[in-house]
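If you want this note's numbering, it's the position in the sequence shown, counting the first as 1, plus 57. Beta carbons: idealized from backbone N, C-alpha and C, even for Gly. Presented below is the structure to which this report refers.
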Amino acid sequence: MARPTAPFLSLLFLLAASQAVHAHDHLDELTEEQLNAPVDNILWLHILLQIAVWGVLFPTGMVLGLSRSRWHVPLQSAGFLLTAGGYILGHSHRGRMFRAAVHEDMANVLFVPIVLQLFLGIYLKLHIHEQTIRPWAVRLHGLVGRAWPILGWTQMLFGAIAFRGYCRGGRMGQCLAHYIMGSGFIAYGTIMAILLLVGEAWVRRSGRSPDWWDSWVITLWGIVNTFTEHHGGDWSVKDMQHTILGVVWWAAGILGIYLSRNNQRSVVPSLVIILTGWAMSNHAQALMLSTMVHSVFGYTLMSAGVARIIEVCFVAPRYAPDTTDGDAHSEHTLDGSREDSNSSSQSPSRAFRHLPPFLLIASGLLFMSATDEELDFVHGEGMDHVTYILIIFSMAFLLYTLIVTLINLAATSGRNAPNAATRDGIELTAATNKWYTPVPAGDRDLEPANHIIGDDD
Numbered sequence: 058m059a060r061p062t063a064p065f066l067s068l069l070f071l072l073a074a075s076q077a078v079h080a081h082d083h084l085d086e087l088t089e090e091q092l093n094a095p096v097d098n099i100l101w102l103h104i105l106l107q108i109a110v111w112g113v114l115f116p117t118g119m120v121l122g123l124s125r126s127r128w129h130v131p132l133q134s135a136g137f138l139l140t141a142g143g144y145i146l147g148h149s150h151r152g153r154m155f156r157a158a159v160h161e162d163m164a165n166v167l168f169v170p171i172v173l174q175l176f177l178g179i180y181l182k183l184h185i186h187e188q189t190i191r192p193w194a195v196r197l198h199g200l201v202g203r204a205w206p207i208l209g210w211t212q213m214l215f216g217a218i219a220f221r222g223y224c225r226g227g228r229m230g231q232c233l234a235h236y237i238m239g240s241g242f243i244a245y246g247t248i249m250a251i252l253l254l255v256g257e258a259w260v261r262r263s264g265r266s267p268d269w270w271d272s273w274v275i276t277l278w279g280i281v282n283t284f285t286e287h288h289g290g291d292w293s294v295k296d297m298q299h300t301i302l303g304v305v306w307w308a309a310g311i312l313g314i315y316l317s318r319n320n321q322r323s324v325v326p327s328l329v330i331i332l333t334g335w336a337m338s339n340h341a342q343a344l345m346l347s348t349m350v351h352s353v354f355g356y357t358l359m360s361a362g363v364a365r366i367i368e369v370c371f372v373a374p375r376y377a378p379d380t381t382d383g384d385a386h387s388e389h390t391l392d393g394s395r396e397d398s399n400s401s402s403q404s405p406s407r408a409f410r411h412l413p414p415f416l417l418i419a420s421g422l423l424f425m426s427a428t429d430e431e432l433d434f435v436h437g438e439g440m441d442h443v444t445y446i447l448i449i450f451s452m453a454f455l456l457y458t459l460i461v462t463l464i465n466l467a468a469t470s471g472r473n474a475p476n477a478a479t480r481d482g483i484e485l486t487a488a489t490n491k492w493y494t495p496v497p498a499g500d501r502d503l504e505p506a507n508h509i510i511g512d513d514d
């Protein structure tokens, strides 16, 4: 039986850190000298360390956990130790002080999933209660682990807001709109990349085309947007624009749900993206810098919609269920009658599939970087819109590189590795109990070989 040494030490260190650290004061009333003091090296180290841990190390560990790699436990244990060290650094800095912010509260809240994951990891290593508690612990461990990228993204965003002192007073509404919708576009692009690059078998098993799921999200988000953009009083131009965009979303979403029934493809979600981009590119702004950034955001979003239409109509892979009866092979369903003539990994169509998700991710970062406070700061620094937009696109390239690298890692590590059958599997690799095998072995034989990111580039 494996000894849970690393997770146990990580748990002890985290508990000790939570008791030993006494937070320095984060007050709403601070002097200008405290607010504008230089940032010391300890705080910079805290920022860089936590970005590396929550932005790279933990997502990598999550992917290795999903592929049942033997490196999952060592990597996550190291991440827990480093994040505890980052927590201590964040409460030990001098120099610039910050007003009380949700970033500090969220740091304390994160101890709950961290300690829970460590406890579950240690429990699973003990291999007890095999037929009773353990199956549920496996599921809970996987569920919390899948939430790790979302928790990390949220906390890093809160950290950036606290660092700049944004989103206070009347600015909160704009921050929520830009950061939530921008993050939504990034999540949409990430999920699209997963489905297009390695998720074809899952789409076939689900019996629903990706456009059906897209249309439901568009419908629900449009309903929320319709009733939350106007907060009483006179209607401004922006209130009217944002509200009617919500109406367009749920109206188009209903049509998309209908057209994409029975596993059919639909271009309606792409049309919604194009219309949203066009509307955003024509938003009136106070600063010319803001107008240009919003315009490029709109054009990028429109390009993502056009690329998605091309992908749906001319590039999409076969998603039809693996069956020979029913209406799966009707000319009106997604049965792959127009699959790529060149089915090899060198097909140009596979390279094109990267374009829609990348443009969506770039659009999300542009929208998140277009709040009045951010653009006022950029304008005050004397930076023009070209430089600022190129900085955002550089970040988009780096973020998409991380995403496709993690997708590739999931497809080539652990039980998905080419030589996985000859290795000594860790837990769940060769399990025969139904609790430990979400996808039956027979289904796995029906799936095509995993597409390796980079083979087609």
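Between W128 and L121, the alpha-carbon positions lie close to 7 Å from each other. The beta carbon of R410 is closer than 6 Å to those of L253 in its chain, skipping five residues each way along the sequence.
Contact check between the segment 448-466 and the segment 95-106: fewer than three CB pairs, one atom from each, fall below 8 Å, which does not count as touching. Counted as a single uninterrupted DSSP element, the alpha helix (DSSP H) harbouring F434 occupies residues D429 to G437.
With a beta-carbon spacing of about 6 Å, L208 and L167 fall inside the 8 Å limit used to define contacts.
Its chain contains no residue whose beta carbon lies nearer than 6 Å to that of L328 once the 5 sequence neighbours on both sides are disregarded. In summary, H160 is buried, with 16 or more beta-carbon neighbours lying within 10 Å of its beta-carbon over all protein chains present. When C-alpha distances from N473 are compared across S124, P95, G226 and A343, the shortest belongs to S124. If you look at S420, you'll find it in the alpha helix (DSSP H) that goes L412 to M425. Collapsing the DSSP output to three states places V96 in a strand. Following the DSSP letters along the chain, one finds S338 inside the alpha helix (DSSP H) bounded by residues V325 to S338.
Around the Cβ of C232, a 10 Å sphere holds 16 or more other Cβ atoms; the residue is buried. Where G471 is concerned, there is no enclosing alpha helix (DSSP H), because DSSP gives it neither an H nor an E. When the five nearest sequence neighbours on each side are left out, the beta carbons in the same chain lying within less than 8 Å of the beta carbon of H235 are those of F424, M425, A427 and T428, in order along the chain. Counting along the chain, R153 sits inside no alpha helix (DSSP H), nor does DSSP assign it H or E at all. Under the three-state reduction of DSSP, E187 is assigned to coil, being neither helix nor strand. Note on C224: 16 or more other CB atoms within 10 angstroms of its CB, so buried under the neighbour-count rule. The alpha-carbon of E431 is positioned some 40 Å away from that of L316.
Contact annotation: the segment 165-185 touches the segment 130-150, with at least three C-beta pairs closer than 8 Å. The distance from the Cβ of T276 to that of G303 is about 11 Å, inconsistent with a contact at the 8 Å cut-off. Distance between P414 and T247, taken at the CA atoms: about 7 Å.
Assignment of R318 by DSSP, reduced to helix, strand and coil, places it in the helix class. Sorting G313, W111 and W269 by C-alpha distance to the C-alpha of I171 places W111 at the top.
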